[in-house]
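Student:
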Amino acid sequence: MADQEFPGWHGTTIIGVRKGGQVVVAGDGQVSLGQTVIKGSARKVRRLSPGGSDVVCGFAGSTADAFALLERLEAKLEKTPGQLQRACVELAKDWRTDKYLQKLEAMLIVTDGRELYVITGAGDVLEPEHDIAAIGSGGNFALAAARGMMDSERSAEEIARRAMAIAADICVYTNGNLTVETISA
281 MADQEFPGWH GTTIIGVRKG GQVVVAGDGQ VSLGQTVIKG SARKVRRLSP
331 GGSDVVCGFA GSTADAFALL ERLEAKLEKT PGQLQRACVE LAKDWRTDKY
381 LQKLEAMLIV TDGRELYVIT GAGDVLEPEH DIAAIGSGGN FALAAARGMM
431 DSERSAEEIA RRAMAIAADI CVYTNGNLTV ETISA
């Protein structure tokens with residue numbers, strides 16, 4: 281079908297904020313199809329526990345694609361316990377070179393409480409500057425808002441929640457129904 285006949289799925293803002301020995305990953309719950317909100321309470325931030333170590337992931341993009349990537353990330357983490365960077369690089373390498381995975385449309389924010397990464401289908405494993413990562417349709421709004429609050433006395437969770445509220449006020453594909461996960465180093 282042409283894009284005019286079947287509008288694309290839109291939605292999601294995910295932010296990761298590292299401050300004061302904690303990392304908070306927050307995501308909104310909106311999923312839209314064209315100009316229609318299909319669901320307002322989707323859960324796009326999840327806690328994984330491969331091999332007994334906690335990892336928090338947030339995803340933007342196709343849900344089915346993101347779940348496929350999360351399963352692969354979990355398998356990589358089980359093979360390399362305690363080595364988040366290595367697992368992320370291995371996932372990105374597979375994603376970039378595997379013909380099936382190349383078709384997946386999603387992005388991930390991943391943290392173990394110490395390290396914080398954005399993983400893309402282009403083979404990127406990015407450690408964000410300024411201890412903030414943001415993805416999705418309202419990601420740049422949330423990123424800008426969070427950067428403006430990093431020098432304040434606010435905690436990582438307060439910054440993430442306020443940045444998401446600002447993004448929800450600006451981005452029509454983002455709502456204020458949040459899932460928030462906190463993880464410590």
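In the numbering used here, the protein residues as written are 281 to 465. Every residue, glycine too, gets a C-beta built ideally from N, C-alpha and C. Quick caveat, the model's predicted, so the values are computed rather than measured.
Short of 6 Å in beta carbon distance, which residues of its chain neighbour Asp449, apart from the five on each side in sequence? Order them along the chain.
Tutor: If we look at Asp449 and ignore the five residues flanking it on each side, it has no Cβ neighbours.
Student: For Lys359, count neighbouring Cβ atoms within 10 angstroms of its own Cβ and tell me buried if that reaches 16, exposed if not.
Tutor: Lys359 comes out exposed.
Student: Mind the definition here: the stretch 308–315 touches the stretch 395–407 only if three or more C-beta pairs lie below 8 Å; say whether that holds.
Tutor: No, the stretch 308–315 does not touch the stretch 395–407.
Student: Go through the stretch 384–451 residue by residue and report every complete run of the beta strand (DSSP E) that reaches 3 residues or more, in order.
Tutor: You should have 386–391, 396–399 and 412–416.
Student: Ignore the nearest five residues each way along the sequence and tell me which others in Phe339's own chain have a CB closer than 6 Å to its CB.
Tutor: So the list reads Lys324, Ala346, Ala386 and Leu388, once near-sequence residues are dropped.
Student: With DSSP collapsed to three states, give me the class of Leu313.
Tutor: Reduced to three states, the DSSP call for Leu313 is strand.
Student: Let me check one thing: in DSSP terms, what residues is Val336 bridge-paired to?
Tutor: In DSSP, Val336 forms a bridge with Arg327 and Thr391.
Student: Apart from the five residues on each side of it in sequence, which residues of its chain come closer than 6 Å, Cβ to Cβ, to Gly393?
Tutor: Around Gly393: Val303, Ile463, Ser464 and Ala465.
Student: So, using beta-carbon positions, are Ala306 and Val460 closer together than 7 Å?
Tutor: Yes, these two residues count as a Cβ contact at 7 Å.
Student: Could you please give me the residues that DSSP links to Ile464 through a beta bridge?
Tutor: The question names Ile, but residue 464 in the sequence shown is Ser. According to DSSP, Ser464 bridges with Gln302.
Student: Which residue comes first and which comes last in the alpha helix (DSSP H) that contains Thr292?
Tutor: Counting along the chain, Thr292 falls outside any alpha helix (DSSP H), and DSSP gives it neither H nor E.
Student: Would Ala414 and Leu406 qualify as a contact pair, given that the criterion is a beta-carbon distance under 7 Å?
Tutor: Cβ atoms of Ala414 and Leu406: not closer than 7 Å.
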